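Asker: What follows is a single structure, and I will ask about it in a moment.
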Amino acid sequence: MLYLIGLGLSYADDITVRGLNAVKKCKRVYLEAYTSILMAADKESLEEFYGREVILADRELVESGSDIILENAQEDDVAFLVVGDPFGATTHTDLIIRARELNIPIETIHNASVMNAVGACGLQLYNFGQTVSLVFFTENWRPDSFYNKILENRKIGLHTLVLLDIKVKEQSIENMARGRLIYEPPRYMSIETAAEQLLEIEEKRQEQCYTENTPAVAISRLGSPAQTIKAATLKELTQYESGEPLHSLIILGRQVHDLELDYLQAFCENIDQYKQFVREDQEFFKPPPYVPPEEDEFSD
Ligand SMILES: C[S@@+](CC[C@H](N)C(=O)[O-])C[C@H]1O[C@@H](n2cnc3c(N)ncnc32)[C@H](O)[C@@H]1O
1 MLYLIGLGLS
11 YADDITVRGL
21 NAVKKCKRVY
31 LEAYTSILMA
41 ADKESLEEFY
51 GREVILADRE
61 LVESGSDIIL
71 ENAQEDDVAF
81 LVVGDPFGAT
91 THTDLIIRAR
101 ELNIPIETIH
111 NASVMNAVGA
121 CGLQLYNFGQ
131 TVSLVFFTEN
141 WRPDSFYNKI
151 LENRKIGLHT
161 LVLLDIKVKE
171 QSIENMARGR
181 LIYEPPRYMS
191 IETAAEQLLE
201 IEEKRQEQCY
211 TENTPAVAIS
221 RLGSPAQTIK
231 AATLKELTQY
241 ESGEPLHSLI
251 ILGRQVHDLE
261 LDYLQAFCEN
271 IDQYKQFVRE
281 DQEFFKPPPY
291 VPPEEDEFSD
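If you read the sequence shown in full-length UniProt numbering, its first letter stands for residue 1, the second for the next number, and so on.
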C-alpha cells in the first residue's frame, strides 16, 4: 500500500491519529521536502515522534526516482508524507499515476492545508478564486502569467491566494554548468519581495489589475506558534518585515463582506483607511448593470 499522508501545518503532532497509525506500520517513510516545510518540527523530531526512520525525498527523487519510492509497495506499506494536505496545491500526480500503473493500492489520509487554513484571517473561503504561485524573479526571468489569473479573479470580485516560491536544493548556474553537486542555502519568498514583484508586473502591464493601494492580507507561519496576519495595502507590504517563513499573500476581491472587514480589523493598523481603499476598489471593479437578452422574435 502507498499511503499519502498529510502532516498538517506546523507541529509533529499535527498528523492525524489515522495518519500516525499508518506511519507506524510502514516499512519505509518518505518526507516530501521541497514544496513546504513543517515549521515547528524537523526530520529528527519526526523520527522521534513516529519511532521510525524518515527518508527525505527531494524533487529529483519524487519526480525522477518514483520507482525507488514505490519499490515493493505491492507487498510492503510505504508512507509518503506531505506537509499540509497531499492534495493542497501540490498534488504529486505523477507518483500516484505511477503507483496505479504498478497496481499498488493507494490510501490518502488528509490534513489541514494552507488552502483552507487561510480562512483564519476572516476572509471567506467561498469568496476565493484561482490560487496563483509567485516565483522568485531572476535578472532575465520575470514571468507574469499569474497576473491574468488575478485579473480574472478581480473582475468577478473574488479574493486571490498567492503562494510564494520556495527554493530548496537549488544549484547556482555556475555549479550546474560545472556539474558540481553543490547546493545553495534554501530560500523562501518574503511578503516584501512578493509585494514588490506584484507591483513591478502591474507597472509593466498597466492593466490596472491592482494598484499600490489595493488591500491585501499577509499570512505568515500559519498554524505555527509564531503565526502572524497583517492587513495592509500592497505598497505598505513592500515595507513590512514578515520574518521567518512560510508566507502567503491574499489580494482582496470586490466581494468582500462587512463581516470579513470587521474580522480583519484586528490585523490592521489603520482600518478606516483600509476600508476606504476597499470601497475605491469596489467602485473600480463594479460590474456594469445586467442587461437581459432580448427576446427572440421568432420564438413562440
Ligand atoms: C506549494 S504549497 C504546498 C501546500 C501544502 N501541501 C499544503 O497543503 O498546505 C507551499 C506554499 O504554500 C504557502 N504555505 C504553506 N504553508 C504555509 C503556512 N503555514 N503559512 C503561510 N504560508 C504557507 C507558502 O507560500 C508555500 O510556499
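Glycine residues also receive a C-beta, built at the ideal position from the N, C-alpha and C atoms.
Predicted model, so just to flag it, every value in this text is computed and none were measured.
For Ser45, report the span of its alpha helix (DSSP H) as first-last.
Answerer: 43-50
Asker: My assumption, with CB atoms under 8 Å, is that Glu196 sits in contact with Ser242. Please give the rounded CB distance.
Answerer: Contact flag wrong, Cβ pair sits at about 12 Å.
Asker: For Pro105, which residues in the same chain have their Cβ closer than 6 Å to its Cβ, ignoring the five residues on either side in sequence?
Answerer: Met1
Asker: Could you have a look at Val132 and say whether DSSP puts it in helix, strand or coil?
Answerer: strand
Asker: Any heavy atom of ligand 1 within a distance shorter than 8 Å of the CB on Leu222?
Answerer: yes
Asker: Does DSSP classify Val62 as helix, strand or coil?
Answerer: Three-state DSSP puts Val62 in a helix.
Asker: On a Cα-Cα basis, can you pick out the residue from Ser113, Glu202, Asp165 that is closest to Ile150?
Answerer: Glu202
Asker: On the three-pair Cβ rule with 8 Å, is the region 168-181 touching the region 255-269?
Answerer: no
Asker: What does the alpha-carbon distance come out to for the pair Asn240 and Ser248?
Answerer: The identity of residue 240 in the sequence shown is Tyr, whereas the question assumes Asn. Approximately 13 Å, taken between the alpha carbons.
Asker: DSSP on Leu125, reduced to helix/strand/coil?
Answerer: helix
Asker: For ligand 1, is there any heavy atom lying closer than 8 Å to the beta carbon of Val78?
Answerer: no
Asker: Residues bridged to Ser145 by DSSP?
Answerer: The partner list for Ser145 (beta bridge, DSSP) is empty, contrary to what the question assumes.
Asker: Can you have a look at Tyr210 and say buried or exposed, based on whether 16 or more other CB atoms are within 10 angstroms of its CB?
Answerer: The residue in question, Tyr210, is buried, as its Cβ has 16 or more Cβ neighbours within 10 Å.
Asker: Going by CA-CA distance only, name the one from Arg221, Ser224, Ile250 that's closest to Ala232.
Answerer: Ile250
Asker: Per the DSSP calculation, Ser248 is bridged to which residue(s)?
Answerer: Beta-bridge partners assigned by DSSP to Ser248: Leu163, Ile219.
Asker: Whole angstroms is fine: what's the gap from Ala9's alpha carbon to Leu237's?
Answerer: Residue identity differs from the one stated: residue 9 is Leu in this sequence, not Ala. Distance from the CA atom of Leu9 to the CA atom of Leu237, rounded to whole angstroms, is 24 Å.
Asker: Drop a sphere of 10 angstroms on the beta-carbon of Phe277, count the other beta-carbons inside from all chains shown, and report buried for 16 or more, exposed for fewer.
Answerer: buried
Asker: Nearest-angstrom Cα distance between Val29 and Thr93?
Answerer: 19 Å
Asker: With a threshold of 8 Å, are at least 3 pairs of Cβ atoms found where one atom belongs to the region 267-286 and the other to the region 166-174?
Answerer: no
Asker: Using 8 Å as the threshold, is the region 30-40 in touch with the region 62-82, meaning 3 or more CB pairs across them?
Answerer: yes
Asker: DSSP three-state label for Phe285, please.
Answerer: In the structure shown, Phe285 sits in coil (DSSP, three-state: anything other than H, G, I, E or B).
Asker: Under DSSP, the alpha helix (DSSP H) around Thr93 begins and ends at which residues?
Answerer: 93-101
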